[in-house]
Amino acid sequence: MTNPYLPEMATIEKIEQETPNIKTFYIKRDGGNFDYNPGQFCIIGVPGVGDCSISIGNTPTKREHLELTIMKVGAVTEKLHGMKVGDRVTLRGPYGNGFPKDALKGMNISYMAGGVGFSAISNMLTYSLDKRSDYGKIEILYGAKTPADQVFKNKIFEWAKVKDVEVKRSCDKGDSTWKEDVGVVGQYYDPNFKNRSRLLFEIDPGFKNTAIVISGPPVMIKFTLIGLDKIGFPKDKIFASLEARMNCGCGKCGRCNVGHNYVCQDGPVFTSAQIAAMPAAF
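Written out as structure tokens, the structure reads:
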């Protein structure tokens with residue numbers, strides 16, 4: 036694509052309702068879907084309304100369509116939520132650096148996500164599941180405000196069936212139907228928590244062969260990194276997606292810069308060590 040702002044037309048092929056205000060759109064671009072790395076994002080647009088940056092949710096090994104999980108939070112996303120299968124949208128991308136999938140080979144990976152932020156790391160997660168023999172043990176730690184706010188409910192149960200994959204879920208506030216953990220998702224990295232991360236504290240207590248991949252609301256990432264620092268987890272083995280800090284995708288609008296870093300180009304994936312050196316990252 037010679038003009039980075041020039042989108043291509045695409046068609047909505049399928050829509051899944053995740054929560055009352057979150058939907059996953061399965062989209063196919065007219066010219067065929069582009070190559071991308073886990074952790075990259077694209078810009079989806081509605082002609083006459085505007086566009087917004089959204090993480091690509093599915094593994095690049097299965098890219099017959101793009102899975103974009105979108106929360107209704109503004110004019111563009113509200114318009115998208117009102118669209119139907121067969122409706123037309125625009126796409127451009129991919130943008131950003133993505134996760135270091137090759138450097139993570141052979142390592143155990145603990146995936147931690149909060150809310151709709153799960154979509155920003157689900158691509159790396161599904162890639163590591165698709166390339167199962169390339170990676171060690173996998174742990175999925177997911178939290179949301181309430182049981183009704185949990186995304187990927189059916190997919191999570193399928194992922195839990197894969198060999199050497201463990202799933203733990205929590206809600207800030209449970210209800211009469213919720214039988215799993217209650218509290219913030221960061222509690223799984225607390226050594227005093229009764230249902231703490233088995234991967235970190237039992238399987239690899241020295242953190243020698245484990246990496247952590249994180250995405251979620253900024254406040255969740257902030258306090259998770261603080262908690263991991265307290266237990267001495269290596270900062271260069273923590274990879275966080277700052278996917279909320281993106282707009283044009285090209286490093287031109289200046290809305291995503293943190294110090295000298297442009298999140299849309301230098302990121303959105305940064306190590307904890309890099310984030311610690313970024314002024315006011317949160």
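Residue numbers (the numbering used here): 36 to 317. Heads up, the beta-carbon is just placed ideally off N, CA and C, and yes, glycines get one too.
For residue i, the nearest candidate out of the options (CA to CA)
{"i": "G92", "options": "K107, D86, K58, G85", "result": "K58"}
{"i": "L176", "options": "C77, Q185, Y170, D169", "result": "Q185"}
{"i": "A45", "options": "N56, T54, Y61, Q52", "result": "Y61"}
{"i": "G133", "options": "F274, S307, N296, F69", "result": "F274"}
{"i": "C206", "options": "E102, V200, T212, D216", "result": "D216"}
{"i": "S211", "options": "P182, G262, D301", "result": "P182"}
{"i": "L139", "options": "G109, K265, K172, H116", "result": "K172"}
{"i": "Y170", "options": "G83, N244, N143, P253", "result": "N143"}
{"i": "H116", "options": "K136, E51, N292, S232", "result": "E51"}
{"i": "I238", "options": "D199, P252, V254", "result": "D199"}
{"i": "P226", "options": "C87, K265, R290", "result": "K265"}
Coarse secondary structure for residue i, derived from DSSP in three states
{"i": "I266", "result": "coil"}
{"i": "G171", "result": "coil"}
{"i": "R127", "result": "strand"}
{"i": "Y377", "result": "What the structure shows of the chain is the stretch from 36 to 317, and residue 377 is not part of that stretch, so it cannot be assessed."}
{"i": "I91", "result": "coil"}
{"i": "E99", "result": "coil"}
{"i": "Q185", "result": "coil"}
{"i": "Y224", "result": "helix"}
{"i": "Y71", "result": "coil"}
{"i": "M159", "result": "helix"}
{"i": "V151", "result": "helix"}
{"i": "V111", "result": "helix"}
{"i": "V219", "result": "coil"}
{"i": "T54", "result": "strand"}
{"i": "A311", "result": "helix"}
C-beta contact flag for residue i and residue j at 8 Å
{"i": "V120", "j": "I47", "result": "yes"}
{"i": "V81", "j": "K107", "result": "no"}
{"i": "T96", "j": "Y162", "result": "yes"}
{"i": "L10", "j": "Y224", "result": "This structure does not reach residue 10, given that the chain is present from 36 up to 317, and the question cannot be answered."}
{"i": "G294", "j": "P314", "result": "yes"}
{"i": "T94", "j": "D165", "result": "yes"}
{"i": "R233", "j": "V197", "result": "no"}
{"i": "S145", "j": "S90", "result": "no"}
{"i": "D86", "j": "I79", "result": "yes"}
{"i": "L41", "j": "N68", "result": "no"}
{"i": "G74", "j": "M147", "result": "no"}
Those residues which DSSP pairs with residue i across a bridge
{"i": "T46", "result": "K63, R123"}
{"i": "A275", "result": "I249, F305"}
{"i": "T104", "result": "T59"}
{"i": "E201", "result": "E174"}
{"i": "D86", "result": "G80"}
{"i": "N292", "result": "Y297"}
For residue j and residue i, believed in contact at Cβ under 8 Å, the rounded distance
{"i": "T318", "j": "E43", "result": "In the structure as shown, the chain begins at 36 and stops at 317. Residue 318 is therefore absent and cannot be evaluated."}
{"i": "G149", "j": "F76", "result": "Contact doesn't hold; Cβ gap of about 18 Å is too wide."}
{"i": "S276", "j": "S250", "result": "4 Å"}
{"i": "I156", "j": "V219", "result": "Between V219 and I156 the Cβ distance is about 17 Å, and since that is not below 8 Å, they are no contact."}
{"i": "E201", "j": "E174", "result": "5 Å"}
{"i": "K272", "j": "T245", "result": "7 Å"}
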